[in-house]
Structure formats: C-alpha cells, structure tokens
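Novice: Right, I'll just put the structure down here and ask away after.
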Amino acid sequence: MYDAPHTERDVDQQDIKISARKVQVYYGTTHAIKDVDCDIEDKTVTAFIGPSGCGKSTFLRCLNRMNDTIDVCRVEGDISIDGEDIYDKRVDPVQLRAKVGMVFQKPNPFPKSIYDNIAYGPRIHGLAKNKADLDEIVEKSLRRGAIWDEVKDRLDAPGTGLSGGQQQRLCIARAVATEPEVLLMDEPCSALDPIATSQVEELIDELRQDYSVVIVTHSMQQAARVSQKTAFFHLGNLVEFGDTGKIFTNPVDSRTESYITGRIG
Amino acid sequence: MTDASMDTPQPRRAKTSLMTEDARTKKRNASEKRFQAYGIAAIATGLFFLVVLAFSIVRSGLPAFTTTVVDVNFTLTQAQFDEAEGQLFKTKAYSGYFITALQQKLEAENVQVAFDEAAIERIMGKIGGTLREYYTANPDQLDEEVAFKLNAASRVDGYFKGRVQRETLQDSRFLTLADLDLVDALAEAGIVHTTFNWGFITGADSGVDNPGGAGIGASVVGSFFMMLVVLFLSLPIGVAASIYLEEFAPQNRWTDIIEVNISNLAAVPSIVFGILGLAVFIQFMHLPQSAPLVGGLVLTLMTLPTIIISTRASLKAVPPSIRDAALGVGASKMQSVFHHVLPLAMPGILTGTIIGLAQALGETAPLLLIGMVGFVARGYPDGLIGGFTDPNSAMPAQIYTWAARADQAFYEKAWGGIIILLIFLLTMNIIAIILRRRFERRW
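Listed in order, the protein sequences are those of chains A and B. Throughout the first sequence, residue numbering follows the working numbering, covering 1 to 265 in sequence. Throughout the second sequence, residue numbering follows the working numbering, covering 1001 to 1443 in sequence.
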C-alpha cells in the first residue's frame, strides 16, 4: 500500500542522500512499518510527523540500524545511502553509525566531562592525530552545537550538570564531532522548554548547510518552521511526502489534512 | 461520563468543611499511623537484638584477648646449672632452684604464704622443664638475671577472669583452694598479672589441654589465602559471565534456562558445595586436602552466583540511553559496554563482590567437608609461601572447632574468634561502602 502520489513530489534526483524502498519493519508479530518508500535529500531538513505510535521513530532508527539492538525487530526492504545498501551483509553497523549520527529524544550526555563527551567519538574513530587536533575538533563541534560560549570556561565540568537545553545541544555537538553525513534527530526538543527549543531549531537550520538532517517531531509548528520536506506517517504507512509548504497548506490526502487540522492524532 | 451519572441530581460527595476530619479520613490516618508504629516497632526489635548480640559477643569474647602471665626475674648460676645437670631428676632440681628464688622474692615483698612444688606446677606448668630447655639452649644467659614470662595455667587464668570461683571450686589435681591463696599472694607481689594476649591474634591453634596457647592467627592467614583465591577467580569469571548474559547473549530459551539455574545455584545449601568440592577437587583432581586452595575453589563456586546476580542487576540499572548514546556516535557494542556501561555499573559490581566475599569468609559448612577443621599448630607466617597448598584452617572453622571442645576456656576463645571475624567483615563492608561512594556517578 503506497499512499503518497508520485506526481506531487518535486525531488531533484541529483541530491538524494538516502533512498528507502518497500521498507517493512516487524516487532515480533507486529507489523510496525508497512511498505514505506522515501527519498531523503542532501543538505535538507526532512521532518517526519504523525500521531504517536505511527512508526516515524521506528523508521528513523532504521536509517542508522539502531533497530539492530532490539532482538525482536526485523527490517525488510532496501535502504541505501549514496546508493549503497546499508542492510547489506558486508556493512558493519558501527561504521554506518559513524556516518549517520543520531540525537535522541532525551538528552543523554555521558556522565563524563563536557570535553570527553565531545572527544569520545573522534577518539574511537581516530579522527585526531594529537591533543591539539582533538582540542580543535572539540571547539569546532561545540561551536557548531551553538554551546561553545556557554561552556568554554568549564570543559572539565560534567556534561550531566548542564541544563536540559544545553545538554541537548551538547548531544548535537557530540553527534557532529564524528563528522557524519546524515544527522538523525528523534524528537530532539520534546524535553526542552520553548527558549531551548528555539535555540535548537536555529541550530538545525544552520546544520542544513552541511548535513542531511532528518527530524522526527510531534510538533507540527516545529516541522513547519525547520523543515523543507515533510513526511506524514499514519499507522505504519507513509501517507504523504512532499515540500513542507505544500503539505501544510494543500495536503492531498484527507488523513494528512485531518491530522494537521487536529481532527486525528 | 455516562448518562446515569448525569441524571443523578445529588452530587456523590457531600459538602463538608475542610476544618473537620470526616470518618473516612480519620480511619485512613489511623491506619497510616498504625503502619508506621509497626515499622518503628520492627526496627526497634531488630536494634534490640543487635545490641544484645553485640553486647554478649563483646562480653564473652573480650577475655580471650587477655591472658594471665607469671612475670618473674630469675638468675641461674653456672654452679647451679652444673649441679642440676649432674642429677638424675634434672628438671626437679631446676624447679627446686626456682621455688627457692620465688620464696625469697615473696619474703622480700613481705608476703607470707606456704607452697610446695606441686602447687607451682599446677599454677604455672612444669617450670623445671621450661627452665632447663631455656638454659641448655642459651648457656650464655647463665649468671645473668633473666625475666621469665610464663603463661599461667588456664584455671588460674579463669580465676582472674571470674570463670573459676572460690565458692564453687572443687579441689582436684588441677587446682586446689589453697593454690588460690598462693595465686592471690603472687598477684599481690606483682608476679602474677593479666596482660594483652598477642598470642591469641598471631598464634596457631593449640592442643585440647592447652586453651591458653590457642590463637586464631594461623586461620586468619588461611582465610586470607582463601579470599585471594575467591577474589581472583570469582570476580573475573562472574563479571565476564554477567556482561555476556546481560549485553551480548540473545534472549532465548537457553539463556533463560541459564538465568534460572544461576538464581537456583545461589540458593543451594553451602554444604552441598562442600561435598561437591570433596568429590571433584580432592577425590577426582587430587588437590591437597585441607588446603586453602581447595577451600577457595569451593567458596568460589558459592560466591559466583552472588556476584553474577548483583553484577547483572547493576548492569540492568544503567539507563539504556547511555548505550544508545555510545552506539549513536559509532561505538561498537564492546566499546559501549567497556567505556560507558561497565564504569557506571562498577559501584554495584564492587559492592556485590565484597558482599559475596564477606559471605564466603563466614562460611563454615563446606570447609568441614574438605577437611579445613583440622588441628593446625603450624607456625605461620613462616610457611606463607606454601600457604595455598599447606593444610590450614579458616576463621569460622576454627571457631567451630573451639566451640566443640570440652574445656571451658575454649568457650571464650570461640567468642574472641567471632570478634576477630566480625572485625574483618565490618572492614570489608566499610571498604564496599567507600568504593561505592568513590565510584558513584550520577547521570
């Protein structure tokens, strides 16, 4: 079952970063994602919206194979990044996750210093040749995470001692420190207050310069604010996928319209 | 909201003032108060028994740490030595000199008491033999004044500690009422007095007829070696098993069976492990009997389930978001476990390990079966190197041995041994608490 009409999409084939075809996800016997086709563009923010339990987070976690850690979860179909099938036998999920970074719903800094939080990824991937190199990566990442000015004097302080919004920006900085190509964000602002949310949103907009960003959100306003493309999921189906402006002003599917006008969800 | 509730004209809840307690609230508050009272009563009962226990242990055990000694300065001349060695009953000659010297000393102190050789022997043992042994070994000490510190007989020791009383004393070949007068006189002259018993802490067990010489030192060393074996086997095996089961193993029927069986093992009576150790380690593998190595192996089997269960619990308590975070930046499964999960679980693992060790330290039953209750008079710490394979005892087994002996004097030794054992256990628990505090990190 594929509900999004192809004709409505205005996708430049040159820029496609991730392409998913006929993706099925099963949790044990539950069919959580049904037949999803989706192309995610480079240097674009793509938002996944939909009611709770519609499968948007599950689909997001397929993109860096985080679902591998769940025993009962089974993924079928093709997902490729830059034309390479990420579910191929030869692909090491660890290598994939270095390429596809992730920011989680709840800020989850390591219980270590701010410096070590950022430096951990570059260290295990051998991105820094020496201490000065590492210092530079840490500073650059914290600047990208728009948190450098707040923490530059206390890099030795524990990351868990920061406020919720700062922690989430620290996690974003940690994710960009490994220089991924795609950044997945699973409801990154759901635990944040409006001020922290707007800071993170600004940050997402800046990150678009270099990355393909995929964000799952419950807030339609947020999707409208930060994304260029929006995908609407409902009961495991990708109902509609297209330019954000079009989805919010002139949806094709009646379910999309019901959701964005607040009748379902 | 149903139609029925909409039809009801009267609200279910009557309008009441907040200032008065209604019947239901009163009842609820009363039951809460009752429950709190039960709790306080339970804690008070527990504390009461704890205090009684601690008091009785200290009261019964403290005498084991003191001993009664005969402190006497004695000079033997070369002439006396030659004369004694020329006689048929050599030791009798020595004790004759000693008694004369003692008599002179008492006269100098102005203490009047009559005694004979037999009384001296009852009070401080076969003095002649001791003296002869000393002077034949150290002939250079002849003509010099030597301060002898002799252990008083255990009944004399008991008289000082209140175990033997004049009113109830029956004259026997061990002690007579007249001897006590002599003891009192000697005490008055400062010759007999009680002192701290280092021998109890450092010494080895003694024969059944010599409670005064019994010490717990050798079995402390035995327990120490066993704990080393337990620590170095059960910690790595237990932690590795739990990490594999908790983080890597697939969730299926096999891992479920293993999990259930580990929990069951923790509940197996310790004597079963003892008989298993006897069959496997001693009869099949021919490891030396009564050795701390075998004791340690048996206690390792017992401690493993405890360590595995506590380690798994503390691994489970690490929030999954930390694992996600590590995997999210591209760490491998093993990196996420060893860099992030394990350090966070460390306080729990250490606490579990030390509690497991403390449990093993106090375990007696399996040691009975592998023969670690033997009489060990070996002079540790001379044989420290061979300590893993030399026969030895352990603290709880030693306490058990003493408690089973007939002589009243061993009773206080058993209690004293319990004090030493408890000191070790308390120390280990304090270390566990300190380690937990040190390693604890919030997330």
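Backbone N, C-alpha and C fix where the C-beta goes; we use that ideal spot for every residue, glycine too.
Looking only at C-alpha atoms, which of Ser-1290/B, Phe-1439/B, Phe-1424/B sits nearest to Gly-1367/B?
Specialist: In the second sequence, residue 1367/B corresponds to position 367, counting from 1. One point to set straight first is that residue 1367/B is Leu, not Gly, in the sequence displayed. Closest by alpha carbon: Ser-1290/B.
Novice: Between Ile-81/A and chain B, is there a C-beta pair that is closer than 8 Å?
Specialist: Counting from one through the first sequence, the residue named residue 81/A turns up at place 81. No - not a single Cβ of chain B is within 8 Å of the one on Ile-81/A.
Novice: At 7 Å on the CB atoms, spell out the chain A contacts of Leu-1327/B, in chain order.
Specialist: In the second sequence, counting from the first residue as 1, residue 1327/B sits at position 327. Those within 7 Å of Leu-1327/B in chain A are Met-66, Thr-69, Arg-97.
Novice: According to the neighbour-count rule (16 or more other Cβ atoms, all chains shown, within 10 Å of its Cβ), is Gly-1212/B buried or exposed?
Specialist: Here the question's residue 1212/B lines up with position 212 in the second sequence. Gly-1212/B comes out buried.
Novice: Verify whether the separation of the beta carbon atoms of Ile-1177/B and Phe-1115/B is less than 8 Å.
Specialist: The residue you call residue 1177/B lines up with position 177 of the second sequence. The residue you call residue 1115/B lines up with position 115 of the second sequence. Before going further, note that residue 1177/B is Leu rather than Ile in the sequence given. Cβ atoms of Leu-1177/B and Phe-1115/B: not closer than 8 Å.
Novice: Would you mind sorting Ser-163/A into buried or exposed? The rule is 16 or more other CB atoms within 10 Å of its CB.
Specialist: Working through the first sequence from its first residue, we reach residue 163/A at position 163. Flag for Ser-163/A reads exposed.
Novice: Is Ser-54/A helix, strand or coil by DSSP?
Specialist: Taking the first sequence and counting its residues from 1, one reaches residue 54/A at position 54. This sequence places Cys at residue 54/A; Ser is not what is there. Correct three-state label for Cys-54/A: coil.
Novice: When DSSP labels each residue in this structure, what does Gln-13/A get in the three-state scheme?
Specialist: Counting from 1 along the first sequence, the entry for residue 13/A is found at position 13. Here the model assigns Gln-13/A a pLDDT of 45, short of 50, so the residue's position is not dependable, and the following value carries that caveat. In the structure shown, Gln-13/A sits in a helix (DSSP, three-state: H, G or I).
Novice: Quick one: measure Cβ to Cβ for Glu-1145/B and Asn-1073/B, integer angstroms, because I've assumed they're closer than 8 Å.
Specialist: Taking the first residue of the second sequence as position 1, residue 1145/B is located at position 145. Taking the first residue of the second sequence as position 1, residue 1073/B is located at position 73. Yes, Glu-1145/B and Asn-1073/B are in contact; Cβ-Cβ is about 5 Å, under 8 Å.
Novice: At the 8 Å Cβ level, is Ser-1314/B part of the contact set with chain A, yes or no?
Specialist: Counting from one through the second sequence, the residue named residue 1314/B turns up at place 314. Chain A contact via Cβ: absent.
Novice: Can you tell me which residues form a DSSP beta bridge with Tyr-26/A?
Specialist: Your numbering for residue 26/A matches position 26 in the first sequence. DSSP, once it has assigned bridges, lists His-31/A, Arg-74/A as partnering Tyr-26/A.
Novice: Determine the burial state of Gln-95/A: buried for a count of at least 16 other Cβ atoms within 10 Å of its Cβ, exposed for fewer.
Specialist: Here residue 95/A refers to the residue found at position 95 of the first sequence. Under this definition Gln-95/A is an exposed residue.
Novice: Nearest by alpha-carbon distance to Gly-55/A: which of Ala-32/A, Asp-153/A, Ile-247/A, Ser-219/A is it?
Specialist: Locating residue 55/A in the first sequence gives position 55, counting from the first residue. If we check each option's Cα against that of Gly-55/A, Ala-32/A comes out closest.
Novice: Helix, strand or coil, according to DSSP, for Thr-230/A in the structure here?
Specialist: Position 230 of the first sequence holds residue 230/A. Looking at Thr-230/A - three-state DSSP - the assignment turns out to be strand.
Novice: Give the interface partners of Gln-1251/B over in chain A, defined as CB-CB distance under 7 Å, in chain order.
Specialist: As a first step, residue 1251/B must be located in the second sequence, where it is residue number 251. Ordered by position in chain A, the residues that pass the 7 Å Cβ test against Gln-1251/B are Asp-71.
Novice: Using a Cβ cut-off of 8 Å (strictly closer), state whether Gly-164/A contacts chain B.
Specialist: Along the first sequence, one-based indexing puts residue 164/A at 164. Not closer than 8 Å to any Cβ of chain B, the Cβ of Gly-164/A fails to qualify, so no.
Novice: Answer with buried or exposed for Thr-244/A, where buried requires no fewer than 16 other C-beta atoms within 10 angstroms of its C-beta.
Specialist: The residue given as residue 244/A occupies position 244 in the first sequence. Answer is buried; the Cβ neighbour count reaches 16.
Novice: Going along chain B, which residues have a C-beta under 7 Å from Tyr-120/A?
Specialist: Taking the first sequence and counting its residues from 1, the one referred to as residue 120/A is at position 120. Chain B residues near Tyr-120/A: Val-1329.
Novice: Could you check how far apart the C-beta atoms of Ala-1189/B and Glu-1109/B are, in whole angstroms? I think they sit under 8 Å.
Specialist: Taking the first residue of the second sequence as 1, we reach residue 1189/B at position 189. Taking the first residue of the second sequence as 1, we reach residue 1109/B at position 109. Rounded, the Cβ-Cβ distance is 4 Å, consistent with contact.
Novice: Below 8 Å between beta carbons: does that hold for Asp-42/A and Ser-212/A?
Specialist: Residue numbering aside, residue 42/A sits at position 42 when the first sequence is read from its first letter. Residue numbering aside, residue 212/A sits at position 212 when the first sequence is read from its first letter. A contact, by the Cβ cut-off of 8 Å.
Novice: Hey, would you say Val-1230/B sits closer than 8 Å to Leu-1357/B, going by beta carbons?
Specialist: The sequence position of residue 1230/B within the second sequence is 230, counting from 1. The sequence position of residue 1357/B within the second sequence is 357, counting from 1. The answer is yes: Cβ separation under 8 Å.
Novice: With burial defined as no fewer than 16 other Cβ atoms inside 10 Å of the residue's Cβ, what is the status of Ser-254/A: buried or exposed?
Specialist: What you label residue 254/A is simply residue 254 of the first sequence in a count that begins at 1. Exposed, because fewer than 16 other Cβ atoms sit within 10 Å of the Cβ of Ser-254/A.
Novice: Is the CB-CB distance between Leu-1233/B and Thr-1311/B below 8 Å?
Specialist: Here residue 1233/B is taken as the residue at index 233 of the second sequence, counted from 1. Here residue 1311/B is taken as the residue at index 311 of the second sequence, counted from 1. Contact flag unset, no.
Novice: Select from the stretch 157–187 of chain A all residues with a C-beta closer than 7 Å to any C-beta belonging to chain B, and list them in chain order.
Specialist: Within the stretch 157–187 of chain A, the residues whose Cβ lies closer than 7 Å to some Cβ of chain B are Thr-160, Arg-174, Ala-175, Thr-178, listed in chain order.
Novice: State the CB to CB distance for the pair Val-252/A and Lys-17/A, rounded to an integer number of angstroms; the pair is presumed to be in contact (CB under 8 Å).
Specialist: In the first sequence, counting from the first residue as 1, residue 252/A sits at position 252. In the first sequence, counting from the first residue as 1, residue 17/A sits at position 17. Not quite, the Cβ-Cβ distance comes to about 24 Å (not below 8 Å), so this is no contact.
Novice: First and last residue of the beta strand (DSSP E) that includes Ile-1459/B?
Specialist: The question about residue 1459/B has no answer, for chain B in this structure spans 1001 to 1443.
Novice: Are the beta-carbon atoms of Ala-1185/B and Leu-1102/B separated by less than 8 Å?
Specialist: Here residue 1185/B is taken as the residue at index 185 of the second sequence, counted from 1. Here residue 1102/B is taken as the residue at index 102 of the second sequence, counted from 1. The answer is no: Cβ separation not under 8 Å.
Novice: Buried or exposed, going by whether 16 or more other CB atoms sit within 10 Å of the CB of Trp-1415/B?
Specialist: Residue mapping note: residue 1415/B aligns to position 415 of the second sequence, counting from 1. Its Cβ being crowded by 16 or more others within 10 Å, Trp-1415/B is buried.
Novice: Return helix, strand or coil for Pro-1319/B, following the three-state DSSP convention.
Specialist: Start at 1 with the first residue of the second sequence, and residue 1319/B comes out as number 319. Coil at Pro-1319/B, not helix or strand.
Novice: Can you tell which of Leu-184/A, Gln-222/A, Lys-89/A has the C-alpha that lies nearest to the C-alpha of Gln-195/A?
Specialist: Residue mapping note: residue 195/A aligns to position 195 of the first sequence, counting from 1. The displayed chain sequence assigns Ile, not Gln, to residue 195/A. That would be Gln-222/A, whose Cα lies nearest to the Cα of Ile-195/A.
Novice: Less than 8 Å separating the beta-carbons of Pro-1063/B and Lys-1161/B?
Specialist: Working through the second sequence from its first residue, we reach residue 1063/B at position 63. Working through the second sequence from its first residue, we reach residue 1161/B at position 161. For Pro-1063/B and Lys-1161/B, yes; Cβs fall inside 8 Å.
Novice: Tell me whether Leu-170/A is buried or exposed, calling it buried when 16 or more other Cβ atoms sit within 10 Å of its Cβ.
Specialist: Within the first sequence, numbered from 1, the residue matching residue 170/A stands at position 170. When all chains shown are included, Leu-170/A counts as buried.
Novice: So, helix, strand or coil for Asn-1210/B, using DSSP?
Specialist: As a first step, residue 1210/B is located in the second sequence; it is residue number 210 there, counting from the start. Correct three-state label for Asn-1210/B: coil.
Novice: Could you tell me which residues DSSP puts in a beta bridge with Glu-84/A?
Specialist: Here residue 84/A refers to the residue found at position 84 when the first sequence is read from its first residue. Its beta-bridge partners are Ile-81/A.
Novice: Which residues does DSSP pair with Ile-40/A in a beta bridge?
Specialist: Along the first sequence, read from residue 1 onward, the residue named residue 40/A stands at position 40. Ile-18/A, per the DSSP bridge assignment.
Novice: Check whether the stretch 1237–1247 of chain B touches the stretch 1396–1414 of chain B, taking contact to mean three or more Cβ pairs, one atom from each stretch, closer than 8 Å.
Specialist: No: the two stretches stay apart, fewer than three of their Cβ pairs being nearer than 8 Å.
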